[in-house]
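Per this note's numbering, the sequence shown starts with residue 185, numbered consecutively. Accompanying notes for the structure given below.
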Amino acid sequence: MTIKAPRLGIDGDALLKDALRELELPTRRLFLKRSLSLGGLSLLTGCTIVDEDSAEQALMRVSRLNDKVQGWLFDPRHLAPTYSADMITRPFPFNAYYGENQIRDVDGDSFRLEVTGMVADRHAWALAELRALPQAEQITRHICVEGWSAIGRWGGVPFATFLTHIGADTSARYVGFKCADDYYTSIDMPTALHAQTLLALDYDGEPLPPRYGYPIKLRMPTKLGYKNPKHIQAIFITNTYPGGYWEDQGYNWFGGS
Ligand SMILES: Nc1nc2c(c(=O)[nH]1)N[C@H]1C(S)=C(S)[C@@H](COP(=O)(O)O)O[C@H]1N2
Ligand SMILES: [Mo]
């Protein structure tokens, strides 16, 4: 991918290329040592770098700049590759910030999906109501920054359809997610409205098992694994940057794949 940085008057090209690659990884300090001088970093961000903290701050600024660039480059009409059923990875991997012995067991009968923020209709959704909406299916590749990828099959409500039903203000900047396991993340509105972004209720033709995020996960083949929240409890539409569990620890926020 060639990155053009038309709004940067400096030699942002090479810096941004590295930033786009490196800032998705939690090993951002290596990035400092390897490919970017402190002078370059302070030039790019307008931060004076005197210690590790200010370097961290400057890197965060590059990461937020990277979010902007990824946002500009994101083509809402471009579709991620889809695969045939015989290419599904079996077994599909489990991943979370905890081990398999701590997978959350959400009660589906009493479950209600909370909806707040810039929406017309804030009523909480029972699973049966979500299942009554039009459903879609996709076989796509999930890519985790930890170095693995896998092809899986998800079914559920196209997220754009859901946003229409709740009367979401689609001029808002962010959609935030709170999960039953205290995980949280947020995405940009163009990705929320993307044709392949799915409010997934099913995995491989069955209700999502707990390990893959029962009762609901957001599935986006255009974003890296950590942007795909499992066990969604609440969805909110906002203009206030909500961050995320890994994003607040340095993972790049846009997290395109
Ligand atoms: N609620 C919740 N969602 C989450 C996570 C998590 O720890 N909790 N981990 C993320 C990460 S890093 C990955 S790779 C995927 C893993 O999804 P899987 O178990 O279906 O493979 O879930 C993402 N969503
Ligand atoms: Mo991940």
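Note that beta-carbon positions come from the ideal geometry of N, C-alpha and C, so glycine has one too.
query	result
At least 3 beta-carbon pairs within less than 8 Å: the region 288-307 vs the region 397-417	yes
For H326 and T381, the rounded distance between their alpha carbons	13 Å
Contact belief for C358 with N423 at Cβ below 8 Å, rounded distance in angstroms	Reading off the sequence shown, one finds Tyr at residue 358, where the question assumed Cys. About 7 Å; that satisfies the 8 Å criterion.
Of the residues D251, L347, V290 and D366, the one placed nearest H307, counting alpha carbons only	L347
C-alpha distance - Q433 paired with G427, whole-angstrom precision	10 Å
Beta-carbon proximity list for T266, same chain, < 7 Å, skipping 5 on both sides	Q322, I323 and T324
For K362 and V290, the rounded distance between their alpha carbons	14 Å
Nearest-angstrom beta carbon gap, K407 and G439 [assumed within contact, 8 Å]	5 Å
Y267 Cβ short of 8 Å to ligand 1 heavy atom set	no
Three-way DSSP call (helix, strand, coil) for V246 in this model	helix
Three-state secondary structure (DSSP) of E431	helix
Alpha-carbon to alpha-carbon, A242 and V234	11 Å
Y281 versus A304, Q254, V329 and L385, residue with shortest Cα-Cα distance	V329
For R337 and Y387, believed in contact at Cβ under 8 Å, the rounded distance	7 Å
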